[in-house]
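In this note's numbering, the protein residues as written are 106 to 427.
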């Protein structure tokens, strides 16, 4: 009888453990071989290990669950419990979400990391009020210019259908004299092959993911800005987790953020070299084009400050402190 009772107790204990396990779906934007997706998968594995399987996060890559414009609302409404997306994609909602995409405000990784640390608290506060937890951010490699023909000055881009992927990049393309055309990352190859776009501003990561050498010849390592992606979580779902699991999520997020910066720094030169190895002409901007883009950057910084108001000035003051 005692053995029978012990056996039943073990079964009930196991059933209770199984019942306690929580499963989340997480939407990520990029394909499996992209380092941002790899970082997200490591984040999920880290949480599973730290919680002994109490929280399992099913990472779905390449925007198969939600497209970029749907991610924030999808997380907010609980369509998915977690999502990874480009921060600047929601710049129309609040200008502070697109500060990382102001041209030449922060071009190097050191500058960009400093800008992110200044920006993060503002974004976390705004998202919290909307029922969203900001868990971690990761940078893309610096943004460069991809073209079919050589470009020496802005007039060479006049009227060119140029891929844009956020409000800030649409404004930049317009100021460059090109025609902004919104195309999400998974659709880039088809957009080039069907003539929807003829050029784009994006990172070496997207260049390699989309095999840019199949449809453009030139890559200009412009380092216009370093955009951020972030991972966000539905606040209600997060608060339903036991405290130890909440702690594990936030700690895994801290590690993922540190890892993301390291991965992006490491991958940038490798990805750029891959494009050169595939036959693309890789090089810097001409002096004239660099000066013209710097002037656009100054214009966009002034425009951004007008939109962002007191919080924007406070953010920039913090960023520019020695």
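Built from N, CA and C at the ideal position, the CB exists for glycine as well.
Worksheet item: Given that a residue counts as buried once 16 or more other Cβ atoms are within 10 Å of its Cβ, and exposed if not, what is residue 421?
Response: Working through the chain shown from its first residue, we reach residue 421 at position 316. Its Cβ being crowded by 16 or more others within 10 Å, residue 421 is buried.
Worksheet item: By a C-beta neighbour count over all protein chains shown, 10 Å radius and 16 as the cutoff for buried, is residue 182 buried or exposed?
Response: What you label residue 182 is simply residue 77 of the chain shown in a count that begins at 1. It counts as exposed.
Practice prompt. Starting from the C-beta of residue 229, find all residues in its chain whose C-beta is less than 6 Å away, skip the five residues before and the five after it, and write them out in chain order.
Written response: The count along the chain shown starts at 1 and reaches residue 229 at position 124. Result list for residue 229: 239, in chain order.
Discussion item. Beta-carbon within less than 8 Å of residue 212's beta-carbon, same chain only, minus the 5 sequence neighbours each way: which residues are those?
Written reply: In the chain shown, residue 212 corresponds to position 107, counting from 1. Result list for residue 212: 247, 328, 329, 330, 331, in chain order.
Worksheet item: Within the chosen definition, does the stretch 125-138 reach the stretch 157-169 through at least 3 CB pairs nearer than 8 Å?
Response: yes
Discussion item. Between 249, 416, 352, which has its C-alpha nearest residue 159's C-alpha?
Written reply: Sequence index remark: in the chain shown, residue 159 carries index 54 (1-based). Among 249, 416, 352, the Cα nearest to that of residue 159 is on 352.
Worksheet item: Among the residues of its own chain, which have a CB less than 6 Å from the CB of residue 338, if the five just before and after it don't count?
Response: As a first step, residue 338 is located in the chain shown; it is residue number 233 there, counting from the start. Cβ contact annotation for residue 338 (same chain, cutoff 6 Å, sequence separation greater than five): 187, 238, 240, in chain order.
Discussion item. Is it buried or exposed, residue 299, if we count other Cβ atoms within 10 angstroms and call 16 or more buried?
Written reply: Within the chain shown, residue 299 is the residue found at index 194, counting from 1. Under this definition residue 299 is an exposed residue.
Fill in: contact_flag[the stretch 343-352, the stretch 285-302] where n(CB pairs < 8 Å) is 3 or more
Verdict: no, contact absent.
Worksheet item: Enumerated in chain order, which unbroken segments of the alpha helix (DSSP H) with a length of 4 residues or greater are wholly contained in the stretch 129-166?
Response: 140-155
Item to complete: Name the two residues that bound the continuous beta strand (DSSP E) containing residue 286.
Response: Here residue 286 refers to the residue found at position 181 of the chain shown. That run of the beta strand (DSSP E) goes 284-287.
Worksheet entry | Beta-carbon spacing of residue 306, residue 243 below 8 Å | Position 201 of the chain shown, counting from 1, holds the residue named residue 306. Position 138 of the chain shown, counting from 1, holds the residue named residue 243. Contact: no.
Discussion item. Using DSSP's beta-bridge definition, name the partner residues of residue 208.
Written reply: Position 103 of the chain shown, counted from the first residue, corresponds to residue 208. Per DSSP, none; premise fails for residue 208.
Practice prompt. State buried or exposed for residue 144, treating a residue as buried only when at least 16 other CB atoms are found within 10 Å of its CB.
Written response: Taking the chain shown and counting its residues from 1, one reaches residue 144 at position 39. Answer is buried; the Cβ neighbour count reaches 16.
Discussion item. With distance defined between alpha-carbon atoms, name the residue in 303, 179, 199 nearest to residue 190.
Written reply: Locating residue 190 in the chain shown gives position 85, counting from the first residue. Closest option to residue 190, Cα to Cα, is 179.
Discussion item. Among 215, 341, 272, whose alpha-carbon lies nearest the alpha-carbon of residue 233?
Written reply: Numbered from its first residue, the chain shown carries residue 233 at position 128. Ranking 215, 341, 272 by Cα distance to residue 233 puts 341 first.
Worksheet entry | Option in 264, 157, 208, 295 with minimal Cα separation from residue 272 | The sequence position of residue 272 within the chain shown is 167, counting from 1. Closest option to residue 272, Cα to Cα, is 208.
Worksheet item: With which residues is residue 325 paired in a DSSP beta bridge?
Response: Taking the first residue of the chain shown as 1, we reach residue 325 at position 220. For residue 325, which the question treats as bridged, DSSP gives the partners 250, 388.
Worksheet item: Roughly how many angstroms separate the alpha carbons of residue 46 and residue 149, rounded to a whole number?
Response: Because the chain spans 106 through 427 in this model, residue 46 falls outside it and cannot be assessed.
Practice prompt. Give a yes or no on whether the C-beta atoms belonging to residue 416 and residue 202 are separated by under 8 Å.
Written response: As a working mapping, residue 416 is identified with position 311 in the chain shown. As a working mapping, residue 202 is identified with position 97 in the chain shown. It is not a contact, given that the beta carbons lie outside the stated cut-off.
Discussion item. So if DSSP puts residue 237 in a beta bridge, which residue, or which two residues, is it bridged to?
Written reply: On the chain shown, position 132 is the one that residue 237 refers to. In the DSSP output, where bridge partners are listed per residue, residue 237 has 339.
Discussion item. Whole angstroms are fine: how far does the CA of residue 236 sit from the CA of residue 110?
Written reply: Here residue 110 refers to the residue found at position 5 when the chain shown is read from its first residue. Here residue 236 refers to the residue found at position 131 when the chain shown is read from its first residue. At residue 110 the pLDDT is 36, less than 50, meaning the model places this residue with poor confidence; the figure from the coordinates comes in the next sentence. Their Cα atoms are separated by approximately 45 Å.
Fill in: Spatially closest choice to residue 497 from 126, 257, 250, 225, by CA coordinates
With the chain covering 106 to 427 only, the question about residue 497 has no answer from this structure.
Item to complete: Leaving aside the five residues before and after residue 390 along the sequence, list all residues of the same chain whose C-beta is less than 6 Å from its C-beta, in chain order.
Response: Along the chain shown, one-based indexing puts residue 390 at 285. Within the same chain, residue 390 has close Cβ partners 325, 327.
Worksheet item: With DSSP run on the structure shown, which of helix, strand or coil describes residue 259?
Response: Here residue 259 refers to the residue found at position 154 of the chain shown. Residue state, collapsed to three classes: helix.
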